[in-house]
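Residue numbers (the UniProt record's numbering): 1 to 556.
No residue lacks a Cβ here, since even glycine has one placed at the ideal position from N, Cα and C.
On a predicted model such as this, the values are computed, not experimentally measured, just so you know.
Okay, here's the thing in structure tokens:
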């Protein structure tokens with residue numbers, strides 16, 4: 001059972017955060033911060049982590065949702081990155097097979113395209129070798145006929161064949177929350193909607209903690225730490241500005257958007273990674289009843305919180321879809337939802353957004369503030385390992401503690417105790433049947449939830465049982481169970497936390513969300529007893545997210 005991660009534990013968590021000097025205080029609750037927290041606490045360090053929004057509310061819920069090995073980095077000759085990311089992918093999958101799924105990806109070659117059959121074959125073979133790809137997942141080269149048999153929508157004109165290799169699809173926000181929950185389970189003190197307002201310094205002007213503000217209650221409190229780590233993603237530069245020292249490096253933010261289309265309009269079951277006429281590569285990935293397509297890559301200098309897809313972004317992706325899949329003839333009316341995300345890249349003079357490396361760097365300032373910048377979802381665990389290998393020895397010396405070496409190579413994240421990746425399918429079937437027998441869930445619904453929650457599905461069943469026995473809520477049994485699990489064990493505070501980041505309904509099942517959102521809000525209002533102003537604010541926040549997902553920002 002997750003310790004101290006209920007929406008109603010906030011006061012207790014804050015009190016505990018003020019009572020000790022932590023080995024690490026982490027600012028930022030995306031995948032980078034979560035990964036550092038888990039690595040540190042599993043080595044025996046004491047950890048406090050604060051996030052100013054909800055967990056994964058920034059870049060970590062707005063990616064292409066792939067734990068991928070970086071095939072395209074071979075084009076930029078980043079061989080080391082490909083080797084590392086490929087190996088990391090397998091570890092991420094094994095530690096959380098419920099949130100990660102192997103997905104065969106097709107890379108079509110056309111006459112006059114960016115990639116020929118020979119160069120693609122060599123590239124994918126090299127990728128297999130560098131990434132240590134499992135035998136059963138090694139690449140194949142398909143003929144034009146075989147390509148169309150797997151995906152009849154691919155552009156037929158000039159088609160020469162395709163490469164066929166494995167990527168790993170994930171739910172980025174759920175991956176983040178599961179890593180965070182595991183850190184909490186092992187003793188980390190973690191809280192969302194809490195902003196770092198300033199740093200604490202000793203008489204030698206060394207950073208020794210943060211001044212934090214609870215954005216729900218306005219309460220201000222100090223958190224003391226031997227090391228403070230800035231893992232704020234797109235906000236790292238803003239956090240660094242609170243310190244009196246900086247270096248000459250900074251972030252270059254770029255925006256990427258994705259469009260979601262129902263399979264009734266785009267009935268594609270085979271994922272495709274394709275090049276567009278301007279040379280960019282785009283993914284089209286089936287997920288449940290939808291297909292999502294992206295991404296763009298444009299320099300972004302606007303609001304970092306809640307970036308939006310505009311009409312130009314939509315047009316670019318729709319044009320790319322109709323270029324590679326001319327028979328589907330997608331228009332703006334077919335877009336069910338969309339999302340936009342900001343990539344925090346490390347600025348490199350004179351480079352186009354697509355050429356800037358996705359590498360990560362650690363910056364140590366004179367004040368002792370440690371900043372983790374850049375990086376990719378796939379590399380979150382390795383980034384944390386490298387950072388803590390560096391921090392561990394001096395910290396042990398200073399604190400008089402002994403820390404273990406890295407523990408996360410074979411550490412199942414929360415929900416990951418399903419008997420390994422080989423057993424995940426059998427586990428999902430077993431739990432789907434249990435949901436069906438006990439609560440009348442359809443098998444499809446049971447599979448969806450067993451996949452979403454992994455070994456934590458038994459906790460979700462507890463809330464389903466509560467609803468079955470004394471359910472006065474009009475919510476469907478499975479939705480009630482998920483909502484209550486999310487509030488009591490996943491720190492959900494706002495309706496959008498649940499409907500967007502914990503379940504993905506806002507992106508991947510808009511009709512279901514629209515049908516039940518008012519009842520979700522009513523149920524949460526009953527539990528939280530919001531005042532009229534708070535409720536109005538939260539309803540408005542959710543409506544804004546729905547509007548942004550349904551149409552380009554410059555339309556409304």
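Under the three-state reduction of DSSP output, residue 107 falls in the strand class. Under the three-state reduction of DSSP, residue 252 is assigned to strand. Between the beta-carbon of residue 230 and that of residue 28 there is about 7 Å, and that keeps the pair under the 8 Å contact cut. With contact defined as three or more Cβ pairs closer than 8 Å, the segment 16–36 and the segment 49–68 are in contact. In this model, residue 154 and residue 258 are separated by some 19 Å (Cα to Cα). The C-alpha of residue 99 lies about 19 Å from the C-alpha of residue 36.
Assignment of residue 393 by DSSP, reduced to helix, strand and coil, places it in the helix class. Partner residues in the beta bridge of residue 291, as assigned by DSSP, are 261 and 286. Nearest C-alpha to residue 111 among 185, 316 and 144: 144. Residue 86 sits away from residue 24, with the two beta carbons spaced by 7 Å or more. The residue from 245, 193 and 173 with its alpha-carbon nearest to that of residue 201 is 245. Taking a cut-off of 8 Å for Cβ pairs, the segment 482–490 and the segment 449–465 touch, as three or more such pairs fall below it. In the structure shown, residue 434 falls within a helical segment according to DSSP collapsed to helix, strand and coil. Put simply, of 268, 300 and 514 the residue whose alpha carbon is nearest the alpha carbon of residue 321 is 268.
Per DSSP, the beta bridge partners of residue 343 are 254. Look at the beta carbons and you see the segment 385–395 not touching the segment 151–166: under three pairs across the two are nearer than 8 Å.
Contiguous alpha helix (DSSP H) elements confined to the segment 113–191 occur at 117–131, 144–150 and 172–185, taking only those with 4 or more residues. Here residue 285 is buried. Its C-beta has 16 or more other C-beta atoms within 10 Å.
Counting only residues of its own chain and dropping the five nearest sequence neighbours on each side, residue 379 has a CB closer than 8 Å to the CB of 84, 85, 88 and 360. Bridge partners of residue 200 according to DSSP: 209.
In this structure, residue 377 lies near residue 63, with their beta-carbon atoms less than 7 Å apart. Just measuring C-alpha positions, the residue of 498, 455, 147 and 467 sitting nearest residue 439 is 467.
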